[in-house]
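A.B. asks: To start, I am sharing the structure in question, which I have written as structure tokens.
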Ligand SMILES: NC(=O)c1ccc[n+]([C@@H]2O[C@H](COP(=O)([O-])OP(=O)(O)OC[C@H]3O[C@@H](n4cnc5c(N)ncnc54)[C@H](OP(=O)(O)O)[C@@H]3O)[C@@H](O)[C@H]2O)c1
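Residue numbers (this note's numbering): 1 to 219.
What follows is the structure in structure tokens.
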């Protein structure tokens with residue numbers, strides 16, 4: 001298997017995921033628009049995960065090298081990556097949320113042409129195996145690696161194999177529980193939940209996590 005590319009890996013969310021995936025034993029290629037920034041961020045991952053297999057690359061080089069890709073760029077920067085031929089056959093883990101503020105309130109901003117970012121990626125790259133996940137895990141919690149993470153990782157996808165793969169990633173992050181939230185059409189609700197969490201975080205000056213009660217134990 002090829003390493004996991006983390007596009008936008010210099011931002012807090014991508015950097016935190018790169019740390020968590022590296023700590024989970026995955027080889028990671030950390031991507032940025034600028035190679036020197038990617039190298040700096042990869043060095044940070046190495047300090048948290050000594051001996052971790054982490055390399056740095058420009059985003060599109062990282063994408064070329066890897067069959068598994070984490071999209072961790074802001075929504076505004078996503079479009080150039082939505083290229084059907086570049087993403088065909090790849091596992092695409094989408095953590096992107098389109099957010100904006102109206103006054104002091106955080107809202108999901110409509111995604112042109114789709115009901116969610118997850119569905120937009122799938123519409124633009126129908127042969128990609130898209131999983132929307134980690135949208136409800138705040139960067140600050142990822143960045144405490146290798147400390148355990150409280151809460152659940154909700155994910156949704158139309159592809160069972162891709163779900164199993166990402167479930168495996170989550171199981172290797174200490175304490176984090178993977179939750180199969182259903183098909184990709186659920187991504188809009190995961191994105192709405194992110195907006196709710198940001199409003200809670202601002203109101204209560206904290207970084208919230210999500211736990212779903214009442215689910216049967218995993219089989
Ligand atoms: N932060 C959180 O707690 C959190 C939680 C859940 C989901 N998310 C989602 O995860 C994604 C990343 O979040 P973040 O907070 O890490 O974001 P960020 O810091 O704003 O951006 C991540 C990285 O993307 C690159 N970037 C910025 N603008 C870009 C553009 N126009 N085109 C291409 N690349 C660009 C930058 O890297 P270079 O300059 O090195 O290229 C930046 O370091 C977002 O979509 C966000 O909605 C974040």
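All C-beta atoms, glycine included, are put in the ideal place defined by N, C-alpha and C.
I believe residue 90 touches residue 61 by the beta-carbon criterion, under 8 angstroms. Please report the beta-carbon distance rounded to the nearest angstrom.
C.D. replies: In the chain shown, the residue the question calls residue 90 occupies position 90. In the chain shown, the residue the question calls residue 61 occupies position 61. The pair is not a contact, with the Cβ atoms about 15 angstroms apart (cut-off 8 angstroms).
A.B. asks: For the beta strand (DSSP E) containing residue 157, name the first residue and the last one.
C.D. replies: Residue mapping note: residue 157 aligns to position 157 of the chain shown, counting from 1. That run of the beta strand (DSSP E) goes 152 to 157.
A.B. asks: Please determine whether the Cβ atom of residue 99 lies at a distance below 8 angstroms from any heavy atom of ligand 1.
C.D. replies: Numbered from 1 along the chain shown, position 99 holds the residue referred to as residue 99. At least one heavy atom of ligand 1 is nearer than 8 angstroms to the Cβ of residue 99, so yes.
A.B. asks: Judging by CA-CA distance, which residue of 186, 208 and 179 is the nearest neighbour of residue 214?
C.D. replies: Here residue 214 is taken as the residue at index 214 of the chain shown, counted from 1. Residue 179 is the option with its Cα nearest to residue 214.
A.B. asks: Tell me whether residue 85 sits in a helix, a strand or coil according to DSSP, three-state version.
C.D. replies: Locating residue 85 in the chain shown gives position 85, counting from the first residue. Residue 85: helix per DSSP, three-state reduction.
A.B. asks: Taking only heavy atoms of ligand 1 into account, decide whether any of them is closer than 8 angstroms to the Cβ of residue 15.
C.D. replies: Residue mapping note: residue 15 aligns to position 15 of the chain shown, counting from 1. Yes, the Cβ of residue 15 comes within 8 angstroms of a heavy atom of ligand 1.
A.B. asks: Suppose the cutoff is 6 angstroms on Cβ atoms and the five residues either side in sequence are ignored; what does the same chain contact list for residue 139 look like?
C.D. replies: Against the chain shown, residue 139 aligns to sequence position 139. Within the same chain, residue 139 has close Cβ partners 12, 13 and 16.
A.B. asks: Taking only runs that begin and end inside the region 103 to 161, name each unbroken alpha helix (DSSP H) of 4 or more residues, in chain order.
C.D. replies: The region 103 to 161 contains these whole alpha helix (DSSP H) runs: 117 to 124 and 139 to 142.
A.B. asks: Expressed to the nearest angstrom, what Euclidean distance is found between the alpha-carbon atoms of residue 55 and residue 72?
C.D. replies: Residue numbering aside, residue 55 sits at position 55 when the chain shown is read from its first letter. Residue numbering aside, residue 72 sits at position 72 when the chain shown is read from its first letter. If I take the Cα positions, the gap works out to 16 angstroms.
A.B. asks: Flag residue 181 as yes when its Cβ comes closer than 8 angstroms to any non-hydrogen atom of ligand 1, and as no otherwise.
C.D. replies: Within the chain shown, the letter at position 181 stands for residue 181. No, since every heavy atom of ligand 1 falls outside the 8 angstroms radius drawn around the Cβ of residue 181.
A.B. asks: On the DSSP bridge assignment, give the partners of residue 32 in chain order.
C.D. replies: The sequence position of residue 32 within the chain shown is 32, counting from 1. For residue 32, which the question treats as bridged, DSSP gives the partners 58.
A.B. asks: Would you give the residue range spanned by the beta strand (DSSP E) that residue 68 belongs to?
C.D. replies: As a position in the chain shown, residue 68 is number 68, starting the count at 1. First-last of the beta strand (DSSP E) with residue 68: 68 to 71.
A.B. asks: Are there three or more Cβ pairs, one per stretch, closer than 8 angstroms when the region 128 to 144 is compared with the region 91 to 100?
C.D. replies: Flag = yes, the region 128 to 144 and the region 91 to 100 touch.
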